[in-house]
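Structure, rendered in structure tokens:
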């Protein structure tokens with residue numbers, strides 16, 4: 013019986029879930045055992061003939077979670093049970109060399125790295141795909157003037173495409189961040205009980221180097237019994253950072269889909285119900301899901317930081333919670349990426365509503381440009397500022413157009429002609445460098461994601 017939504021399949025793609033399945037974890041650890049044996053036999057740490065035998069047994073697919081659990085019920089040690097189950101599949105003369113020079117966390121930590129390796133192979137292309145989708149939206153909507161809001165208030169004019177460009181650039185930076193962290197978090201460790209490589213001696217470093225290369229990981233420079241948990245903290249932090257960016261996008265979509273704003277809307281498919289009680293509602297449920305899952309994702313960061321200061325060469329106070337944190341963080345960010353890709357792909361944009369919203373304040377959104385016009389006429393900034401503000405508030409109280417109020421006030425009419433005033437109130441003139449910025453972002457995105465396209 014499923015208890016958590018992840019277990020029931022409500023959240024998480026099959027490909028990501030498979031990485032963290034019990035049997036897959038066992039297979040990762042058996043692969044480490046087999047490759048370690050091969051590497052040891054190549055340089056004379058163990059007899060040359062036994063490495064390939066151990067490897068074949070380890071990767072035979074005949075060692076099951078069921079059998080390991082049967083043995084663990086007796087030993088109360090999961091790694092010992094795995095090693096024993098591997099021994100059952102090996103010849104008598106090879107058994108003494110299984111797990112030679114290794115310790116439990118050589119398997120646990122290196123298999124964690126293998127899981128993170130494969131998780132990033134799923135996550136990174138989706139980050140790149142989302143960056144590309146956002147860049148295309150930025151170009152598509154680049155010439156649409158829209159309300160730019162600060163503190164929830166109309167501030168000035170923005171290119172609607174610039175919203176997407178901001179998000180696209182950050183997703184491209186996440187691709188860069190993922191590439192950067194790989195060499196620090198995808199770590200192989202096979203240095204034994206306290207990180208000295210004691211039984212293998214100086215050859216332990218060559219063994220670790222060979223194992224790491226075969227597993228497409230990076231050999232740890234120095235370790236205790238475990239890989240330093242700063243590495244896991246960085247991995248989870250980056251996933252949470254991606255999640256925070258996704259939530260940033262989701263929050264903006266949720267706000268822009270408000271009935272009073274109505275500039276965008278999530279796709280509403282045929283037969284979909286927005287409310288069990290109100291038939292006309294179209295709720296931004298996908299964006300809300302992203303926001304909700306992001307909170308869980310961020311909560312994992314604190315746990316990984318708590319796991320950094322362990323006792324001496326290690327203790328077990330990190331072990332149990334990492335069985336939750338690493339799968340949870342990976343599965344959730346994958347789910348959130350899938351959801352956001354769907355949202356952006358199908359997002360409905362109402363250009364009509366965007367333009368209508370520009371004029372809700374009866375022209376006061378152009379105040380920045382009125383101020384600029386006075387300054388260019390030689391009016392001191394703060395004198396001009398007070399006049400712009402005074403007339404704006406008066407126009408608001410009277411419910412009249414800001415441009416008309418300006419034309420009828422001597423502080424403005426004495427400095428600006430009616431033609432000059434009228435020319436200010438054209439939103440298309442006030443996009444600034446938006447189109448060039450969008451073009452620059454698109455170039456950045458295309459350069460960053462080209463290997464994934």
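Numbering (the numbering used here), first residue to last: 13 to 465. The C-beta atom is built at its ideal place from N, Cα and C for all residues, glycine as well. Predicted model, so just to flag it, every value in this text is computed and none were measured.
With DSSP as the reference, please indicate the residues paired to residue 161 in a beta bridge. 166
Cα-Cα, which of 207, 180, 197, 333 is closest to residue 143? 180
Could you name the residues that DSSP lists as bridge partners for residue 361? 276
What three-state label does DSSP hand residue 437 in the structure shown? Three-state DSSP puts residue 437 in coil, outside helix and strand.
Out of 314, 354, 257, 333, state which residue places its alpha-carbon closest to the alpha-carbon of residue 280. 354
Hey, would you say residue 160 sits closer than 8 Å to residue 169, going by beta carbons? Against a cut-off of 8 Å, the Cβ pair of residue 169 and residue 160 comes out as a contact.
If you check the beta carbons only, do residue 67 and residue 127 fall under 8 Å apart? Annotated as distal: residue 67 and residue 127, with beta-carbon spacing of 8 Å or more.
CB residue 433 to CB residue 419, shorter than 8 Å? Yes, they are a contact pair.
Cβ distance (whole Å) where residue 305 is taken to contact residue 347 below 8 Å: 6 Å
Any 3 or more C-beta pairs closer than 8 Å across the region 50–61 and the region 92–99: no
Just grab the DSSP bridge partners of residue 200 for me. 231
Taking all protein chains shown into account, decide if residue 175 is buried (16 or more other Cβ within 10 angstroms of its Cβ) or exposed. buried
Residue 246 - containing alpha helix (DSSP H), residue span: 242–268
Could you give the distance in angstroms between the alpha-carbon of residue 364 and the alpha-carbon of residue 350? 29 Å
Give the single residue among 212, 215, 341, 328 whose Cα lies nearest to the Cα of residue 311. 341
Would you give the residue range spanned by the alpha helix (DSSP H) that residue 117 belongs to? 116–152
Assigned exposure category for residue 216 - 16 Cβ within 10 Å defines buried: buried
Classify residue 250: buried if its beta carbon has 16 or more other beta carbons within 10 angstroms, exposed otherwise. buried
Identify which residue in 45, 171, 164 has its Cα closest to the Cα of residue 120. Per the Cα distances, 45.
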